[in-house]
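**Q** Before anything else, here's the structure in question.
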Amino acid sequence: MGPRRHHNTFACLVHERRECVMDLVRNLHHLDPDSRILLYNGGPDTELLKGLPVERYNAVVHPGARPMKWGWLHDFALDCFRFALEHEPFDTMTIVDSDQLGLRPGYSAFIAEFLARHPGAGLLGNVQLPGSPVPLSAPAAHARRELDLWRPFLKKFPDGEAQFVHWTFWPSTVFSAEAANDLVKLWDSDAQLRDILSRSRMWATEEVLFPTLVAMLGHRVLTSPCRYDVVKYRVQYSTRELDAAMSRQGSYWAHPVPRRHEDPLRAHVRSRFQEYLKPTTSVEAVEAARVMALQGREEKPRPKLLLAWPILSEMRKIEGWLSEEEADLLMASCSHVLCAPGAPQSVVEVGSYCGKATVVLARVAEALGTAARVHAIDPGDGVVGSRDGKLERKGATRHKLEQTLRSSGLDSMVHVHFQQAPQVAWSEPIGFLLVDGLHDYDSVSADFHHLEPWLTLGGLVAFHDCVDYFPGVKLFVQELLRDGRFRHVRTAGTLVVLEKLAECEKPQVRCLSDQPSGVTLRSIGILSG
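Next comes the structure, spelled out in structure tokens:
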């Protein structure tokens, strides 16, 4: 039997920018796939991690996370210790800040080898011990001034006062499972400790409290074998400095790396590791051998897979108003129609603005390999809102929409009509219709009724911004449902999807088409409020 595998857990405190959370998760998993990733949402947005596909990267979300305050992060560590000790057995837990990135593979094996040579280690980090000849770090110096406050607690431990204080720089600090277990037991059982800390003005509690307690509990506090050339506090690095660090043995981490997905440093690390796409064991090599073996033989087409995450990631960068929850429903509705048997039916969007939803719809059609065409209808004038409320003029958007489609490579898939919807001559079946132009009742009605005769039975129509602050949209949808030809399918955010159950009676359609501009369903008395 070979040596037992070392189990490391990365404890990651995150609080903003979903795309950067995923970038961090993919970075950690690519470089150390055997390590478990524990994500802790310490920010105010309780939806931050909702729906992220983290499980595929050996990650789990802490179910009891609570908002944290900068400089007071000991609760985050204790919560992670408790959860992992109960549910995710580990040998070491490594603290990873949200603006931290890994720089080389093999981290957990490197740490395991060091610990094997240093039994009894409870904490590894960029540590400063009591009596160090170098000046105390600011958090340690501040805590040292509270010696009188802490003295009654310190007297419980042999040489407790002499151990006050230890310090570690928090990013990349490592705790052993034994030290983590002892810290949780001490915290839960010692009311005096909790009381003193509640009266303390200590800051960066996690950097001072934990190494000091670990030492007093009898564990060794050691300098980490990892290099700290690019692991510092509030420093800006160049890509050249990152390259230099990555060339040195022991350089496993970089901090801080700005939490912007397209930040040059973050993009540089992604590029260095092939966008985190190349697997550590070559699946491509196995596939290439399989294809070689099949040469000369006909093979079934590969299945078309619709992946939501790349589409959502692309959508976030485009100007406009569409939440991820709404985009998810948009993708599901569009794919449902495009996967239906029969001849391909058009996907039509009314109100494209800069192309946010347009790209979502086109990417769905592209992923499914359908022959259906996506049509975007928008005058390109940048006017949004409702005529019976407040119209906003954002400036011409024609160029922005064209640029969005060009840069995404979707310009050949999307037919753009720079017109108002009622001005577009239409003559082909529609499977999915998105109504998202101006949001007053008359505009919604005109857009819908011009195209609805071409919406097939079983086809879907989506209305965006069906919400109280656009009463015209909400009233129109309510009247449509009362009419009985449509039924509600799903709502996400302000996006409502309906299914067409029956055609409109021909006399009614003919009558409507003959009416002068401005006549609506309400004004001719077909529907009442």
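In the UniProt record's numbering, the protein residues as written are 1 to 529. Glycine included, every Cβ here is placed at the ideal spot set by N, Cα and C.
Give me the residue from 153, 194 and 77 with the minimum Cα distance to residue 181.
**A** Considering only alpha carbons, the answer is 77.
**Q** Where DSSP assigns a beta bridge to residue 176, which residues make up the other side?
**A** In DSSP, residue 176 forms a bridge with 92.
**Q** Assign residue 18 to buried or exposed, taking buried as 16 or more other Cβ atoms, counted over all protein chains shown, within 10 Å of its Cβ.
**A** With 16 or more other Cβ atoms within 10 Å, it is buried.
**Q** Looking only at C-alpha atoms, which of 129, 224, 104 and 366 sits nearest to residue 244?
**A** Nearest C-alpha to residue 244: 104.
**Q** Is there at least one Cβ from chain D nearer than 8 angstroms to residue 394's Cβ?
**A** Given the protein chain composition of this structure (a single chain), no chain D is represented.
**Q** Is it right to say residue 46 is buried, meaning 16 or more other beta carbons lie within 10 angstroms of its own, or is it exposed?
**A** The residue in question, residue 46, is exposed, as its Cβ has fewer than 16 Cβ neighbours within 10 Å.
**Q** Over what stretch of residues does the beta strand (DSSP E) that includes residue 41 continue unbroken?
**A** Here the beta strand (DSSP E) through residue 41 covers 36-41.
**Q** Mapping the DSSP letters down to three states, classify residue 83 as helix, strand or coil.
**A** Residue state, collapsed to three classes: helix.
**Q** Could you name the residues of the same chain whose beta carbon sits closer than 8 angstroms to that of residue 372, not counting the 5 residues immediately before and after it, in chain order?
**A** So the qualifying residues of the chain are 338, 344, 345, 346, 347, 365 and 431.
**Q** Can you check the region 181-206 for any alpha helix (DSSP H) of at least 4 residues that lies completely inside it and give the ranges in chain order?
**A** Entirely contained in the region 181-206, the alpha helix (DSSP H) runs reaching 4 residues are, in chain order, 191-199.
**Q** If you measure between the beta carbons of residue 16 and residue 259, is that distance less than 8 angstroms?
**A** Against a cut-off of 8 angstroms, the Cβ pair of residue 259 and residue 16 comes out as a contact.
**Q** So who's on the other strand from residue 215, going by DSSP bridges?
**A** Looking at the DSSP assignment, residue 215 forms no beta bridge with any residue, so it has no partner.
**Q** Rounded to whole angstroms, how far is the Cβ of residue 12 from the Cβ of residue 37, which I believe are closer than 8 angstroms?
**A** That belief holds up - the Cβ atoms of residue 12 and residue 37 are roughly 6 angstroms apart, short of 8 angstroms.
**Q** Suppose you measure from the CA of residue 156 to the CA of residue 186; what does that come to, to the nearest Å?
**A** Distance between the alpha carbons of residue 156 and residue 186: 12 angstroms.
**Q** What's the call for residue 305, buried or exposed, on a 16-neighbour Cβ count within 10 Å?
**A** Looking at its Cβ environment, which holds fewer than 16 other Cβ atoms inside 10 Å, residue 305 is exposed.
**Q** Bridge partners of residue 12, per DSSP?
**A** DSSP, once it has assigned bridges, lists 39 and 96 as partnering residue 12.
**Q** Which of the three DSSP states, helix, strand or coil, is assigned to residue 346?
**A** Note: residue 346 maps to strand in three-state DSSP.
**Q** When you compare each of 59, 401 and 377 to residue 436 by their alpha carbons, which one comes out closest?
**A** Closest option to residue 436, Cα to Cα, is 377.
**Q** Would you decide whether residue 307 is buried or exposed? Buried here means 16 or more other CB atoms lie within 10 Å of its CB.
**A** Residue 307 should be labelled exposed.
**Q** Are residue 488 and residue 498 touching if we call contact CB-CB under 8 angstroms?
**A** Their beta carbons are under 8 angstroms apart, which means residue 488 touches residue 498 by this criterion.
**Q** Could you have a look at residue 422 and say whether DSSP puts it in helix, strand or coil?
**A** Looking at residue 422 - three-state DSSP - the assignment turns out to be helix.
**Q** Does residue 393 come out as helix, strand or coil in the three-state DSSP assignment?
**A** Looking at residue 393 - three-state DSSP - the assignment turns out to be strand.
**Q** On the DSSP letters alone, give me the boundaries of the alpha helix (DSSP H) that residue 467 sits inside.
**A** Where residue 467 is concerned, there is no enclosing alpha helix (DSSP H), given that its DSSP letter is neither H nor E.
**Q** Look up residue 59 in the DSSP assignment and give the residues it is bridged to.
**A** Bridge partners of residue 59: 37.
**Q** If you draw a straight line from the C-alpha of residue 392 to the C-alpha of residue 261, how long is it?
**A** Each residue's Cα considered, the two are about 30 angstroms apart.
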